[in-house]
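*Asks:*
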Amino acid sequence: ELIKNNKVTISKEALVEKNNDNDNLKNINEILEQNDLKIISYAPTKIILNTNFSKDSFIVLSEINYPGWTVEVDGRKNTIYPSNIIGKGVFVAPGNHRIIFKYQPKYYFTGIIISIIGVLAFLVYWFFASKKIIYSSKE
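Take 71 as the starting number for the sequence shown in our numbering and just add one per residue.
So, in structure tokens, the structure goes:
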């Protein structure tokens with residue numbers, strides 16, 4: 071509604087989804103300087119940022135906020151706020167900070183373990199099946 075009526079400029083403002091968990095959202099009404107934020111590393115599953123803001127700030131990434139994304143600010147877990155309809159954002163206090171967004175989906179590691187067990191089961195079966203063929207051909 072706000073975007074349709076041109077009341078929000080997505081490039082300069084953030085729309086943050088409101089729910090019961092974030093009733094105490096801060097209202098930051100300021101455009102931040104780009105040179106206060108540096109992208110250190112940008113990979114599909116890990117984004118590392120350095121910031122040096124002089125005031126409370128809110129950073130928005132245009133990455134889709136899939137379940138499984140986590141954020142740490144200076145090594146401490148922080149809250150990701152759904153922002154700008156599909157993105158994700160995080161509040162940052164003034165000063166120098168290292169922000170790390172990581173994508174660790176819940177079932178990814180479960181899938182890897184199941185795959186490894188399946189490959190090992192196949193190898194064990196193949197090993198014993200090949201031994202049985204060798205023994206039956208000797209008789």
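Idealized CB from N, CA, C, for every residue including glycine.
(1) According to DSSP, which residues form a beta bridge with ILE170?
(2) Hey, quick one: how far does the beta strand (DSSP E) through ILE110 stretch, first residue to last?
(3) Does the distance from the C-beta atom of GLU142 to that of LYS172 stay below 9 Å?
(4) Taking 9 Å as the threshold (beta carbon to beta carbon), is ILE182 in contact with chain B?
(5) Starting from the C-beta of GLY138, find all residues in its chain whose C-beta is less than 7 Å away, skip the five residues before and the five after it, and write them out in chain order.
(6) Which residues bound the beta strand (DSSP E) around SER132?
(7) Report all residues from its chain with a CB closer than 8 Å to the CB of PRO114; omit the five preceding and five following residues, and keep chain order.
(8) Hey, VAL160 and ILE150 are a contact pair by Cβ (cut 8 Å); roughly how many whole angstroms apart?
(9) If you check the beta carbons only, do SER124 and PRO164 fall under 9 Å apart?
(10) Just reading off the beta strand (DSSP E) that PRO164 is part of, what are its end residues?
(11) Is LYS176 helix, strand or coil by DSSP?
(12) Comparing alpha-carbon positions, which option in GLY157, ARG146 and GLY145 lies nearest PHE128?
*Replies:* On the basis of the supplied data:
(1) As a first step, residue 170 must be located in the sequence shown, where it is residue number 100. Its beta-bridge partners are ILE118 and GLU142.
(2) The residue labelled residue 110 in the question sits at position 40 within the sequence shown. From DSSP, the beta strand (DSSP E) with ILE110 extends over 107-113.
(3) The residue you call residue 142 lines up with position 72 of the sequence shown. The residue you call residue 172 lines up with position 102 of the sequence shown. Yes; because the gap between Cβ atoms is below 9 Å, this pair is in contact.
(4) Among the chains in the structure shown there is no chain B, since it carries only a single protein chain.
(5) Taking the sequence shown and counting its residues from 1, one reaches residue 138 at position 68. Hits under 7 Å: TYR173, GLN174, PRO175 and LYS176.
(6) Counted from its first residue, the sequence shown places residue 132 at position 62. Looking at the DSSP string, SER132 is not in any beta strand (DSSP E), and its letter there is neither H nor E.
(7) By one-based count along the sequence shown, residue 114 stands at place 44. Only TYR173 meet the Cβ criterion.
(8) To locate residue 160, count along the sequence shown from 1; it is residue 90. To locate residue 150, count along the sequence shown from 1; it is residue 80. Confirmed, Cβ separation roughly 6 Å.
(9) Stepping through the sequence shown from its first residue, residue 124 is reached at position 54. Stepping through the sequence shown from its first residue, residue 164 is reached at position 94. A contact, by the Cβ cut-off of 9 Å.
(10) Position 94 of the sequence shown, counted from the first residue, corresponds to residue 164. That residue, PRO164, is in no beta strand (DSSP E); it is neither H nor E in DSSP.
(11) Sequence index remark: in the sequence shown, residue 176 carries index 106 (1-based). Here LYS176 sits in coil by DSSP.
(12) Along the sequence shown, read from residue 1 onward, the residue named residue 128 stands at position 58. Minimum Cα distance to PHE128 is reached at GLY157.
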